[in-house]
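Read through the structure below, which is laid out as structure tokens, and then see the notes.
2 protein chains.
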Amino acid sequence: MIETILSSPTQVVKIGPQHPFVIIGERINPTGRKKLAAEMAAWDFERVRADALAQVEAGAHVLDVNAGIPLVDEPAVLAEAVRIVQSVVQVPLSIDSSVVAALQAGLAAYQGKPLVNSVTGEQDRLEKVLPLVAQYKAAVIGITNDETGISEDPAVRFGIAKKIVERAESYGIPREDVLIDPLAMPVGAVRTAGTTLFTIVRRVREELGVNTVCGASNISFGLPNRTMLNATFLSMAISAGMTCAITNPLEESLLMTVLAADVFMGLDENCMAWLKAQRRAARRASGESVDESQRRRTRRERR
Amino acid sequence: MIETILSSPTQVVKIGPQHPFVIIGERINPTGRKKLAAEMAAWDFERVRADALAQVEAGAHVLDVNAGIPLVDEPAVLAEAVRIVQSVVQVPLSIDSSVVAALQAGLAAYQGKPLVNSVTGEQDRLEKVLPLVAQYKAAVIGITNDETGISEDPAVRFGIAKKIVERAESYGIPREDVLIDPLAMPVGAVRTAGTTLFTIVRRVREELGVNTVCGASNISFGLPNRTMLNATFLSMAISAGMTCAITNPLEESLLMTVLAADVFMGLDENCMAWLKAQRRAARRASGESVDESQRRRTRRERR
Chain B
3 MIETILSSPT
13 QVVKIGPQHP
23 FVIIGERINP
33 TGRKKLAAEM
43 AAWDFERVRA
53 DALAQVEAGA
63 HVLDVNAGIP
73 LVDEPAVLAE
83 AVRIVQSVVQ
93 VPLSIDSSVV
103 AALQAGLAAY
113 QGKPLVNSVT
123 GEQDRLEKVL
133 PLVAQYKAAV
143 IGITNDETGI
153 SEDPAVRFGI
163 AKKIVERAES
173 YGIPREDVLI
183 DPLAMPVGAV
193 RTAGTTLFTI
203 VRRVREELGV
213 NTVCGASNIS
223 FGLPNRTMLN
233 ATFLSMAISA
243 GMTCAITNPL
253 EESLLMTVLA
263 ADVFMGLDEN
273 CMAWLKAQRR
283 AARRASGESV
293 DESQRRRTRR
303 ERR
Chain C
3 MIETILSSPT
13 QVVKIGPQHP
23 FVIIGERINP
33 TGRKKLAAEM
43 AAWDFERVRA
53 DALAQVEAGA
63 HVLDVNAGIP
73 LVDEPAVLAE
83 AVRIVQSVVQ
93 VPLSIDSSVV
103 AALQAGLAAY
113 QGKPLVNSVT
123 GEQDRLEKVL
133 PLVAQYKAAV
143 IGITNDETGI
153 SEDPAVRFGI
163 AKKIVERAES
173 YGIPREDVLI
183 DPLAMPVGAV
193 RTAGTTLFTI
203 VRRVREELGV
213 NTVCGASNIS
223 FGLPNRTMLN
233 ATFLSMAISA
243 GMTCAITNPL
253 EESLLMTVLA
263 ADVFMGLDEN
273 CMAWLKAQRR
283 AARRASGESV
293 DESQRRRTRR
303 ERR
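From first to last, the protein sequence lines stand for chains B and C.
All residue numbers for the first sequence refer to the numbering used here, where the first residue is 3 and numbers rise by one.
All residue numbers for the second sequence refer to the numbering used here, where the first residue is 3 and numbers rise by one.
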């Protein structure tokens, strides 16, 4: 059975078809978050701390940490973010950068066995990222594009997955430490985005025997009701064999979808996790209505 | 490619992996609906008419019609219900009974090519139901249980599916006119209910080349937040290859899930059906809030 193991000094997370689906929290990423970017650039990590705590509280099993901010010393900021996140939460981390020096700094700062996000099938990236992954005995996400771009042909993307797994092995990285990202393209633009991804997930699992992961929200880009689309897509990908995703655990419907999918994959014994999540949601809902009535009362008293 | 064709005098519905998912509306069924049962027994079909119209308006492609009421002349009531439903809506029907004489009466009353719901793998049922299906050139749902009950082993249920398809062919019913129901068991009681169903759906499609269908709500029996469970289950089954389901089209989240799944199966060209459904939902939501503010104003004026 496929099994990828990540760890922090106090926690082990196992990814594989025999384990409940793993959610990698995507929030600690300054891309498109102006405030967060400005704060991190100014060495202010309060929001990073808060986002880390909130995501783990919501149910994230791993946190992605990215410090891709224009004109900053990304290696230094990423390393500091990694140290800070590890000081407030116990889950393993995914160290996320397209800059090799930043990956190296993040890896050096990290305690435990992290995930490296990511390498592509490009020759140059393989040669620079894989030795680092091997040196730090980390796991790595392999994205199925290369010098020729992103193919719409699932066979071409599968071929890149195969190449990444083989190259990783040649650097001494066991194949269970490679997670393939089949790439979720926007289905509004590419009609076959869903079926292509499901096909690659199945083939990677059956023929390469490795885990798959993806960023689950790109698929709905440009379409209305993205929450519903993302949740449906995620459950379909899980049914095809996907074992983890980089997504937002603060979106309750996504989290519930993942827990429901665990139930149907036979991975939630006696539906315990499902039942617990429903009780939590009910408590939260009733707590909110208490707050609400409190607020209304206060407003009335002020008049 | 697998393709099951149902028809009414004015509409053709095609079921298969190359077509958008088909929803068979389940509401016209007196089981567990006391009022409806009493009315149908008293030859009052007003609610049947209203349920037919509401389900088609909501998006059902086919309607199931059942008249299983204790102590009534089921053949007569089912035949009348079929006639009445065909007089108010144009979609094809699924004629639903465990009583052979009622199936016969419903088939005799029906105009077009209906679905017969259902036959099992029991010798006695096969011998009685299949000749009727052949005589009326109908399609039929084959349920994967037999004299020994419902097996938890997917291989046993697949074997029953194979037997039903072969027996149907021996009666001159082409295999594309058999839809296999792999049976959704309550996942709260049977941990493997989901994985077993997905496995059977895949094998039936790949090895027998026939369509699959199921009642999609039994799976969540006894668990909280059934709507979310049913929607997740349905999208996972669609990903595995299921092509239609008997369900409640009036539950908006289920309907939206099916439309989202069509998008990811590449069956909704330019996402037109998805976009249309979102606009409809938005109009409905804004219409409701107008009603709501109207009601509030009226209440205030009364004081």
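Backbone N, C-alpha and C define an ideal beta-carbon position, used for all residues, glycine too.
Mind listing the chain C neighbours of residue i? Cutoff is C-beta to C-beta under 7 Å, in chain order.
{"i": "S237(B)", "result": "T234, S237, M238"}
{"i": "Q280(B)", "result": "P226, N227"}
{"i": "A263(B)", "result": "T234, M238"}
{"i": "T249(B)", "result": "Per Cβ cutoff of 7 Å: no residues; T249(B) is ~15 Å from chain C at best."}
{"i": "R159(B)", "result": "By Cβ distance, chain C contributes nothing, its closest Cβ being about 16 Å from R159(B), past 7 Å."}
Taking residue i as the query, report the chain B residues whose CB atoms sit under 7 Å from its CB, ordered along the chain.
{"i": "C273(C)", "result": "G190, L225"}
{"i": "M3(C)", "result": "Going along chain B, no residue has its Cβ under 7 Å from M3(C), so there is no contact; the nearest lies around 15 Å."}
{"i": "R285(C)", "result": "Within 7 Å Cβ-Cβ: nothing; R285(C) doesn't reach chain B, min ~13 Å."}
Whole angstroms are fine: how far does the CA of residue j sit from the CA of residue i?
{"i": "S99(C)", "j": "L109(C)", "result": "11 Å"}
{"i": "L216(B)", "j": "V189(C)", "result": "Sequence check: residue 216(B) is Cys here, not Leu. Distance between the alpha carbons of C216(B) and V189(C): 27 Å."}
{"i": "F47(C)", "j": "G151(C)", "result": "35 Å"}
{"i": "K16(B)", "j": "V260(C)", "result": "32 Å"}
{"i": "V64(C)", "j": "T249(C)", "result": "11 Å"}
{"i": "Q20(C)", "j": "L269(C)", "result": "7 Å"}
{"i": "V131(C)", "j": "N232(C)", "result": "30 Å"}
{"i": "T33(C)", "j": "G211(B)", "result": "47 Å"}
{"i": "A52(B)", "j": "P94(B)", "result": "17 Å"}
{"i": "A163(C)", "j": "R193(C)", "result": "22 Å"}
{"i": "G144(C)", "j": "V158(C)", "result": "14 Å"}
{"i": "V101(C)", "j": "G70(C)", "result": "9 Å"}
{"i": "L80(C)", "j": "V67(C)", "result": "7 Å"}
{"i": "I240(B)", "j": "R282(B)", "result": "24 Å"}
{"i": "M244(B)", "j": "A195(C)", "result": "19 Å"}
{"i": "P251(B)", "j": "S172(B)", "result": "35 Å"}
{"i": "E2(B)", "j": "R169(B)", "result": "There is no way to answer for residue 2(B), as the model of chain B reaches only from 3 to 305."}
{"i": "A186(C)", "j": "N213(C)", "result": "16 Å"}
{"i": "G161(B)", "j": "E208(B)", "result": "14 Å"}
Which word fits residue i, buried or exposed, when buried means at least 16 other C-beta atoms lie within 10 angstroms of its C-beta?
{"i": "M3(C)", "result": "exposed"}
{"i": "M274(C)", "result": "exposed"}
{"i": "L8(C)", "result": "buried"}
{"i": "A263(C)", "result": "buried"}
{"i": "D126(B)", "result": "exposed"}
{"i": "T12(B)", "result": "exposed"}
{"i": "Q106(B)", "result": "buried"}
{"i": "P22(B)", "result": "buried"}
{"i": "P184(C)", "result": "buried"}
{"i": "W276(B)", "result": "buried"}
{"i": "S295(B)", "result": "Caution applies to S295(B), whose pLDDT of 49 falls short of 50 and renders its modelled position unreliable; the model cannot decide the point."}
{"i": "L236(C)", "result": "buried"}
{"i": "P176(B)", "result": "exposed"}
{"i": "R304(B)", "result": "Annotation note: pLDDT 49 at R304(B) (below 50); position unreliable, coordinate value reported separately. Counting Cβ neighbours within 10 Å, R304(B) comes out exposed, since fewer than 16 surround it."}
{"i": "G61(B)", "result": "buried"}
{"i": "K36(C)", "result": "exposed"}
{"i": "L225(B)", "result": "buried"}
{"i": "E59(C)", "result": "exposed"}
Closer than 9 Å by beta-carbon distance: list the chain C residues that pair up with residue i, in chain order.
{"i": "S241(B)", "result": "G196, F200, S237, M238, A239, I240, S241, A242"}
{"i": "T259(B)", "result": "M230, A233, T234, S237"}
{"i": "M267(B)", "result": "G196, T197, F200, M238"}
Mind reading off the beta-carbon distance from residue i to residue j? Whole number of angstroms is fine, and I expect it under 8 Å.
{"i": "A247(B)", "j": "A279(B)", "result": "At roughly 17 Å, the Cβ-Cβ gap does not stay under 8 Å, so A247(B) and A279(B) are not in contact."}
{"i": "E76(B)", "j": "A104(B)", "result": "4 Å"}
{"i": "A54(C)", "j": "I25(C)", "result": "Wrong, their Cβ atoms sit about 14 Å apart, outside the cutoff."}
{"i": "S255(C)", "j": "T234(C)", "result": "Actually they do not touch by this definition, with Cβ atoms about 10 Å apart."}
Output, in chain order, the set of chain B residues within a Cβ distance shorter than 9 Å of residue i.
{"i": "L252(C)", "result": "Here the premise fails: no neighbours, minimum Cβ distance about 17 Å."}
Quick check on residue i - is its C-beta less than 8 Å from some C-beta in chain D?
{"i": "W45(B)", "result": "No chain D appears in this structure, whose protein chains are B and C."}
Run down chain B in chain order and give the residues with a C-beta less than 8 Å from the C-beta of residue i.
{"i": "L277(C)", "result": "L225, P226"}
Below 8 Å on C-beta distance, what does residue i contact in chain C?
{"i": "R205(B)", "result": "None at all; the shortest Cβ gap to chain C is about 15 Å."}
{"i": "R169(B)", "result": "Correct list: empty, because the minimum Cβ distance to chain C is about 30 Å."}
* Evaluate the contact criterion for the region 79–89 of chain C versus the region 117–126 of chain C: three or more CB pairs, one atom per stretch, below 8 Å. => no
* To do: Could you tell me whether the region 149–163 of chain C touches the region 130–140 of chain C, using the rule of 3 or more Cβ pairs below 8 Å?
  => no
* Touching or not, the region 193–204 of chain B and the region 201–208 of chain C, by the rule of three or more beta carbon pairs under 8 Å? -> no
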